[in-house]
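For reference, the structure is listed below as structure tokens.
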Amino acid sequence: MKDKADVAAIVLGQLSVSDINRLKDLAKGGLTIDEKREARSIILGKVSEEQYNELSQVAKKYGVSQGKTRDQTLKEEEQLKAKEKGSE
216 MKDKADVAAI
226 VLGQLSVSDI
236 NRLKDLAKGG
246 LTIDEKREAR
256 SIILGKVSEE
266 QYNELSQVAK
276 KYGVSQGKTR
286 DQTLKEEEQL
296 KAKEKGSE
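Quick note on our numbering: the sequence shown kicks off at 216 and runs consecutively.
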């Protein structure tokens, strides 16, 4: 129950209603890689590093994330963008 309360406090405290609605829309029927990247971008842009890491650990606990830190996620995203640019 504490996990749900912690996640709700972060989400409701940091994300706008339109952000939350967009995340809900993205999550309908599962996430494609592009949708996952968009969702991650929304969250990364709105929460602190500490909050992101907390959300990531809760998601890992429930089997929906690898539990990567914010820094790990940002590095991975940079590598993906560089790889995409190289293949254009």
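Using N, Cα and C, we set each Cβ at its ideal position, and we do this for glycine too.
By the 10 Å Cβ neighbour count, where 16 or more other Cβ atoms means buried, how is Tyr267 classified, buried or exposed?
buried
Nearest-angstrom Cα distance between Gln272 and Thr284?
When rounded, the distance between both Cα atoms is 8 Å.
Rounded straight-line distance, which links the Cα of Lys276 to that of Gly282
Gly282 and Lys276 have their alpha carbons spaced roughly 8 Å apart.
Skipping 5 residues on each side, what residues in its chain have a beta carbon closer than 7 Å to that of Gln229?
Lys261, Val262 and Gln266
Start-to-end residues for the alpha helix (DSSP H) that takes in Glu293
Glu293: member of the alpha helix (DSSP H) spanning Arg285 to Gly301, first to last residue.
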